[in-house]
Structures are given as C-alpha cells and as structure tokens.
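**Student:** Residue numbers (the numbering used here): 150 to 482.
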C-alpha cells in the first residue's frame, strides 16, 4: 500500500504547485535550481504563476486529480498556500491535496487553518520530530517524506513514526543537481548517470524490506520512476489536451511541422494550399512568429516544393508544457 497522494502521482494526476522557493532550512542536499532556490516565485508545474487563472488553467490542461504543494517551505507563505489550496478545492470535485513542509513553522493555529483544504501532510523534519505527533490531532493523513541517506537515522525515524501512529514514510532516492552536487561531493557521495546518488536506493530498499510488517506504510520512490513514470504520465495528460489537429503525440512529446517564412507568410500559405490537398485545420498561420504550422507528414511530402521558396522548414518535437521546450528538430528545407 502507498499513500493516496502517491497513487494519484503514479497516474500522472498531481499538479505540482511550487508555492515559494523561500525556506527557513538549509539542507545541503536541496536540489532546487537557481531559478527557484531562495526566490519567492510560484510555479504550477513548469508554468510561472502570476494569478489564480494560471493555476486553474494548468490544472485543467492536465486533468488534475489532485495537487502536491511544495517549495521551499509553503508555510512561509501561509496565506498564499491556503488561498491556492482553497481555490483548487472549490474548482474541482474530490481534489486531493498533499503538502510538504519541514514543520518548523507549524503551530496549532496553522494546523487548524490547513484542515479545511489539505488532505495529507508530508513532513521532512530537521530536528523536532514532535511536530508530527501534534499534527496527528488534526484531520489529515500524516506521514513523512525524506531522502534515503543515513540508514541509522532512518531506522530511528521509522520507530518514532510507528510509535506515534503516523500513516506513512516515503523514502526518495537522493538526487544530485547543478546546485547541490558540490556539497554532496564534499561529503563523499558518488554519482550514477541517472541523476541519483550511489547507495541511496540500496538504503531505501533495505529499510522497506526490514520493516515491511509494520502498520506504518513505507514506500520507496526512485529517481528513474519519477522521470519515466510520474513525469511522463503527467506530460501525456497535458499533451492530449493541448494538441492541435495538425500535431501528433509521440510518447509524451508533441510533433509537428514548422515552416519559418522569410517572405510574405500569406504567399507561402497560398503556395502550399495550391500544391497540396489539405484541410484548414491541418495548417495554421502564426503572424507573430512569421511561421506556418502543419502536420509533419504533409511537410515531409512537400519539402522539395518548398525549396523554391524563401523558407526554413523542419519537424519539431517539443514538450507539451507551458514553455514548449524543444527536444528535437529535424531539418527538411
């Protein structure tokens, strides 16, 4: 068994709501990018948030079944956190929300306010574990989520969580990034090719096996699972909703033909429709970018013809995210 929030994550159904990059703690293994770490910025998945609309649209575009609220520590911006959580609860039916926090800022008043909009609390305590016991008095599912680093520490933590009646412990494979790799290297960690730290998985699996008979649910989440399953499934959901008629989905990427015009865009458009039988929905003009979008197969069929025009054309594969990050470009003209 795994926590309810994790079940939804496995299906790619959780919106990732990064409320703020601010944090009271300074974990040496924090993998946040420079763009987010210690910055008071908000993101819904990969989309920077400037208002309520951004969050609600992003949630709809991925058919979100729930939201994971993270940071930084979202409780540093408690009003913002409660506002967004309440907004999502009002917009969607049975929307499951879990929240990550170190617990450093938790008080009874904060717990009382969170009860109305948070379903699951996930603690990553730095020193004071007792905040978890206090949270159990309130109407949440209560557990913890930590990186799998120190086996001795984790075993003591498992005993504490089981004794107080916490519901779960999630162990994450420790990951390295551009912002934490030097601190990890200083401490003697070694690195695998998949952004994971050597030995973390083995530590997690040993804990899961040793304590499998406890009432406490202990769940391990690998770095590769996050990328190959959770993220991929979330991107597939968004791709199905944002795909235009002239685009196709390849795994979790959007594929289309793009013609960049260095002459009059209308003239190029008319040249295409005169030389190939194509429905209006399979071709689109973008006057702002001076580009024509077209089905990739049609573009491959007319590539030779387009060499007569002042254009650059190719097949584009991009993520279906808000910023449409390009992953591959295959030039044809």
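Built from N, CA and C at the ideal position, the CB exists for glycine as well. None of the values given here were measured: they were computed from a predicted structure.
Can you check whether the CB of residue 320 is closer than 8 Å to the CB of residue 297?
**Tutor:** Yes. Within cutoff.
**Student:** What is the rounded straight-line gap between the Cα of residue 451 and the Cα of residue 457?
**Tutor:** Rounded to whole angstroms, residue 451 to residue 457 spans 11 Å at the Cα level.
**Student:** Quick check on the DSSP output: the alpha helix (DSSP H) that includes residue 154 runs from which residue to which?
**Tutor:** 153–159 is the extent of the alpha helix (DSSP H) around residue 154.
**Student:** My guess is that residue 345 and residue 322 are in contact by the Cβ rule of under 8 Å, so how many angstroms apart are they, rounded?
**Tutor:** That belief holds up - the Cβ atoms of residue 345 and residue 322 are roughly 5 Å apart, short of 8 Å.
**Student:** Within a Cβ cutoff of 8 Å, which residues of the same chain sit near residue 160, ignoring the five residues on either side of it in sequence?
**Tutor:** Cβ within range, chain order: 214 and 382.
**Student:** Report yes if the CB atom of residue 277 is closer than 8 Å to the CB atom of residue 252, and no otherwise.
**Tutor:** Yes.
**Student:** Does the beta-carbon distance from residue 466 to residue 404 come in below 8 Å?
**Tutor:** For residue 466 and residue 404, yes; Cβs fall inside 8 Å.
**Student:** Could you tell me the alpha carbon to alpha carbon distance between residue 295 and residue 273, rounded to whole angstroms?
**Tutor:** About 6 Å.
**Student:** Following the continuous beta strand (DSSP E) through residue 269, name the residue where it begins and the one where it ends.
**Tutor:** From DSSP, the beta strand (DSSP E) with residue 269 extends over 269–272.
**Student:** Any idea if residue 327 is buried or exposed, counting beta-carbon neighbours within 10 angstroms, 16 or more meaning buried?
**Tutor:** Its Cβ having fewer than 16 others within 10 Å, residue 327 is exposed.
**Student:** Return the bridge partner residues of residue 164 from the DSSP annotation.
**Tutor:** DSSP, once it has assigned bridges, lists 216 as partnering residue 164.
**Student:** Threshold first: 3 residues or longer. Then list the beta strand (DSSP E) segments lying entirely within the segment 429–480, N to C.
**Tutor:** List check, beta strand (DSSP E) in window: 432–435, 440–443, 460–467 and 475–480.
**Student:** Does the Cβ of residue 479 have 16 or more other Cβ atoms within 10 Å, making it buried, or fewer, making it exposed?
**Tutor:** Looking at its Cβ environment, which holds fewer than 16 other Cβ atoms inside 10 Å, residue 479 is exposed.
**Student:** For the putative contact between residue 414 and residue 432, defined by C-beta atoms under 8 Å, what is the C-beta separation to the nearest angstrom?
**Tutor:** Between residue 432 and residue 414 the Cβ distance is about 12 Å, and since that is not below 8 Å, they are no contact.
**Student:** Do you know how far the Cα of residue 165 is from the Cα of residue 375?
**Tutor:** Looking at the two C-alpha atoms, the distance is approximately 13 Å.
**Student:** With a threshold of 16 other CB atoms inside 10 Å of the CB of residue 472, please say whether the residue is buried or exposed.
**Tutor:** So residue 472 counts as exposed.
**Student:** Using three-state DSSP, classify residue 378 as helix, strand or coil.
**Tutor:** Correct three-state label for residue 378: helix.
**Student:** Can you give me the C-alpha to C-alpha distance between residue 397 and residue 435, rounded to a whole angstrom?
**Tutor:** Between residue 397 and residue 435, the C-alpha separation is close to 19 Å.
**Student:** The alpha helix (DSSP H) with residue 230 in it runs from where to where?
**Tutor:** Residues 227–240.
**Student:** Which term fits residue 219, buried or exposed, when burial requires 16 or more other beta carbons within 10 angstroms of its beta carbon?
**Tutor:** When all chains shown are included, residue 219 counts as buried.
**Student:** Could you give the distance in angstroms between the alpha-carbon of residue 370 and the alpha-carbon of residue 408?
**Tutor:** The alpha-carbon atoms of residue 370 and residue 408 are separated by roughly 42 Å.
**Student:** Just verifying my parser: in three-state terms, what is the DSSP assignment at residue 423?
**Tutor:** In the structure shown, residue 423 sits in a helix (DSSP, three-state: H, G or I).
**Student:** Is the beta carbon of residue 254 sitting closer than 8 Å to the one on residue 225?
**Tutor:** Contact flag set, yes.
**Student:** Whole angstroms is fine: what's the gap from residue 461's alpha carbon to residue 389's?
**Tutor:** Taking the straight line from one Cα to the other gives about 28 Å.
**Student:** Exposed or buried, residue 177, counting other C-beta atoms within 10 Å across all chains shown (16 or more means buried)?
**Tutor:** Exposed.
**Student:** What whole-angstrom Cβ distance do residue 300 and residue 216 have, given they're in contact under 8 Å?
**Tutor:** So it is not a contact: roughly 32 Å between Cβ atoms.
**Student:** Quick one: is residue 184 buried, meaning 16 or more other Cβ sit within 10 Å of its Cβ, or exposed?
**Tutor:** Its Cβ having fewer than 16 others within 10 Å, residue 184 is exposed.
**Student:** Could you check how far apart the C-beta atoms of residue 233 and residue 168 are, in whole angstroms? I think they sit under 8 Å.
**Tutor:** Indeed they touch by this definition, with Cβ atoms about 7 Å apart.
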